[in-house]
Amino acid sequence: MTDARDPGVDRSGGVDAGLPEVARAVDWPDAEAIKRYVDILIDRGISWGLLGPREAPRIWERHILNSVALAPLLPFGSTMVDVGSGAGLPGLPLALLRPDLRVSLLEPLLRRFDFLELAVSELDLGSRVTVVRGRAEDHRGRYDIVTCRAVALLPRLLAWCLPLVGSGGRLVALKGSSAPEEIEAASDALRRAGAVATVARLAVPGVEEETRAIVVERS
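Mapping to the numbering used here: the sequence shown position 9 is -6, numbers consecutive.
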């Protein structure tokens, strides 16, 4: 994975701070912080209903490492909004991996908003991660990167998310194997928006698999 972080960042958390082997494929700046976030997900994330109880054994592979697979698509020093952030995925893993990013977590539902505020506070990320309660279509911010994961199909994402993309920015939506079909189905919406979509195939660190993201930029 391309390391786009500031080389001066203190990585004193260490790579072996109680992390499972699969998580050590990533050079976390603070291994204790990502471990605390996983503990929050497994504890309150599940008890609050943000994740299903069956997700606990596969939290790293399915959620954390899948999220940080997006990191090579995010230029250094970007501003980013994670739309429909839910339990903070992919926004919080990316914020913990990339201290250079300035991240907003946009979430309309109160329980999820409360969870995100709690997580940001407990992880001491308040100086560079902001939690915003609201819907994408009502939000007025502009960002270099707009991310989302498991929010909606591409035509709806274009309506919600493209207005948040600043000049020269991009929408990056984590998707599965159906990404090419989604782009084809959204061809009319893309043309009306003056945008171009491509599929990025991304290696998931620590596991022998890949994920896909739809990357949308204005033509």
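Idealized CB from N, CA, C, for every residue including glycine.
Being a predicted model, the structure only gives us computed values, none of them experimental.
According to DSSP, is residue i helix, strand or coil?
i	result
R9	helix
R87	strand
S52	helix
P60	coil
W33	coil
R288	Outside the shown range of the chain (-14 to 204) lies residue 288, about which nothing can therefore be said.
P14	coil
L103	helix
L108	coil
L4	coil
L138	coil
Using DSSP's beta-bridge definition, name the partner residues of residue i.
i	result
C133	V68 and A158
Y92	The residue asked about is misnamed: residue 92 is Glu in this sequence, not Tyr. Answer is R118, bridged to E92.
Y22	According to DSSP, which records beta bridges pairwise, Y22 is partnered with nothing at all.
V150	Y128
Following the continuous beta strand (DSSP E) through residue i, name the residue where it begins and the one where it ends.
i	result
I199	E195 to R203
V184	A180 to A188
Please list, in chain order, all residues of the same chain as residue i whose beta carbon is under 7 Å from its beta carbon, the five residues on each side excluded.
i	result
L94	none
Y22	L77, L81, A104 and L108
I25	A104 and E107
L4	A16 and K20
G119	L91 and P93
K160	E167, R197, A198 and I199
By Cβ distance below 8 Å, which residues in the same chain neighbour residue i in space, the five residues on each side in sequence not counted?
i	result
V181	L175, V201, E202, R203 and S204
S(-3)	Below a pLDDT of 50, predicted positions are generally treated as unreliable, and S(-3), at 43, falls in that range; the measurement from the model is reported next regardless. If we look at S(-3) and ignore the five residues flanking it on each side, its Cβ neighbours are D15.
L143	L156, A171, A174, L175, A178, A180 and V201
S162	R197
Under DSSP, the alpha helix (DSSP H) around residue i begins and ends at which residues?
i	result
I168	A164 to A170
R127	Element bounds for R127: n/a, residue is neither H nor E.
G76	G76 to L82
Leaving out five residues before and five after residue i in sequence, what residues of the same chain have Cβ atoms less than 6 Å from its Cβ?
i	result
P78	I49, S52 and V53
A(-11)	For A(-11), the predicted model reports a pLDDT of 47, less than 50, meaning its position is unreliable and no value from the coordinates is stated.
I31	P38
G191	V7, A10 and L50
Under 7 Å, Cβ to Cβ, is there at least one residue of chain B near residue i?
i	result
D28	The structure shown contains no chain B, having only a single protein chain.
The region 109 to 119 touching the region 166 to 176, judged by at least three CB pairs closer than 8 Å
no
Would the region 95 to 104 and the region 39 to 49 be scored as touching if the rule is three or more Cβ pairs under 8 Å?
No, the region 95 to 104 does not touch the region 39 to 49.
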